[in-house]
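Enquirer: Structure provided below as structure tokens; questions to follow.
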Amino acid sequence: MHAINSERQASSPAAIEEAARHAFQIGCSHLDKVSTWMRRPAAGLDVLELGPGPNFGSVLTLAAMGARVAVADRWLPQWDSAYHGPVYARLAELIEAGLPGCDTTPIRALVAAGAHLPGIVTTYPDAELLTGAPADGFDLVLSNAVFEHIVGVESAARCLYAVTRPGGTNVHQIDFRDHRDFSRPLEYLLMTPDQEAAWLRQTDYHCGTQRRAGAYVSAFRSAGFELVRAHVSLTADPAYLADFVPRLRACSGASLQDVDVAELEELSTGYVLRKPDGAAA
Ligand SMILES: C[S@@+](CC[C@H](N)C(=O)[O-])C[C@H]1O[C@@H](n2cnc3c(N)ncnc32)[C@H](O)[C@@H]1O
């Protein structure tokens, strides 16, 4: 198992600036999702982010706007004083400069304590388990580039359904590319099921899986979610697709040998899901 988020992060001034700006940018895109899909301010919302990566700056941006926040990651990062303190201190400055009405006290409290204080950001160890997470506990669950790394997509979808409040929303961006080489994003579909299984064991899902969009939609629907929107944000280059499709059709051992070209063309999609009002956990 490769605990990616606990590797020592670069802590040069340039690296800290980049990490803080990246977290602020994702945090602002989370705020856009709140206003688009929740149609209300972030204050008072319970928000869970899956797979935030090496720092929690994105949800802390929501905390500065009054949300109660939590994260779930299969590899939760350990506090690194050379990295987390400076990133969060810089993030607090960016938030104060860019978001009127913010209160960065929670972020500054983490910096002062030198710890991810559970009263400010609750942590859960895995989207497939969410051990200890409250049933019907979250108004909004978010993830970016996480689902393609999850081993048990069906069990994660069921867990997320259980912790989402009736009437609550999930927004998940999923990247269907072979992460080994984004310029050749479908090559892994040429593997046989046995080859894929061995490769997934070796990479521990760090490079994505062969699953296509339909498999995720079916997992979300089986869990009980309504699909509000599926927005394809990235499609395969036509020249690459024209070269790839005949190679796939000729690959008799590939499990997706006959899949629709539309499923191959779709490389990244944002899903908005809703747990019906009145639904039980
Ligand atoms: C590609 S990174 C995305 C990081 C961040 N969301 C971003 O967009 O920059 C994938 C993240 O998903 C996390 N992850 C993988 N499997 C997971 C699981 N079962 N539950 C929660 N997080 C998981 C990884 O540890 C990592 O933090």
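In this note's numbering, the protein residues as written are 10 to 290. Just so it is clear, CB atoms sit at the ideal spot from N, CA and C, and this is done for glycine as well. Keep in mind it's a predicted model, so treat the numbers as computed, not measured.
(1) Please write down, chain order preserved, every residue whose beta carbon lies under 6 Å from a heavy atom of ligand 2.
(2) State the Cα-Cα distance for the pair residue 244 and residue 275, rounded to the nearest angstrom.
(3) Looking only at C-alpha atoms, which of 148, 158, 163 and 185 sits nearest to residue 179?
(4) So within the region 102-177, which uninterrupted beta strand (DSSP E) runs reach at least 3 residues, ignoring any that extend past its ends?
(5) Check whether the region 124-140 and the region 98-111 touch, using three or more Cβ-Cβ pairs below 8 Å as the test.
(6) Between which two residues does the beta strand (DSSP E) holding residue 277 run?
(7) Is it buried or exposed for residue 70, if we count other Cβ within 10 angstroms and need 16 for buried?
(8) Compute the beta-carbon to beta-carbon distance between residue 254 and residue 241, rounded to the nearest angstrom, for a pair I have assumed lies under 8 Å.
(9) Could you check where the beta strand (DSSP E) with residue 238 kicks off and where it finishes?
(10) Between residue 161 and the rest of its own chain, which residues show a CB-CB distance below 6 Å, the 5 nearest in sequence each way excluded?
(11) Quick test of the definition: if touching needs 3 or more C-beta pairs under 8 Å, does the region 24-35 touch the region 58-70?
(12) Does the distance from the CB of residue 84 to the CB of residue 15 come in under 8 Å?
(13) With distance defined between alpha-carbon atoms, name the residue in 181, 87, 205 and 218 nearest to residue 39.
(14) Using the Cβ count rule (16 or more neighbours within 10 Å means buried), how would you classify residue 176?
(15) So if DSSP puts residue 81 in a beta bridge, which residue, or which two residues, is it bridged to?
(16) Is it right to say residue 141 is buried, meaning 16 or more other beta carbons lie within 10 angstroms of its own, or is it exposed?
Expert: Taking the definition as stated:
(1) Ligands in the displayed structure: ligand 1; ligand 2 is not one of them.
(2) 5 Å
(3) 148
(4) 130-133 and 147-153
(5) no
(6) 275-283
(7) buried
(8) Incorrect: roughly 18 Å between the Cβ atoms, too far for contact.
(9) 235-244
(10) 137
(11) yes
(12) yes
(13) 181
(14) exposed
(15) 59 and 133
(16) exposed
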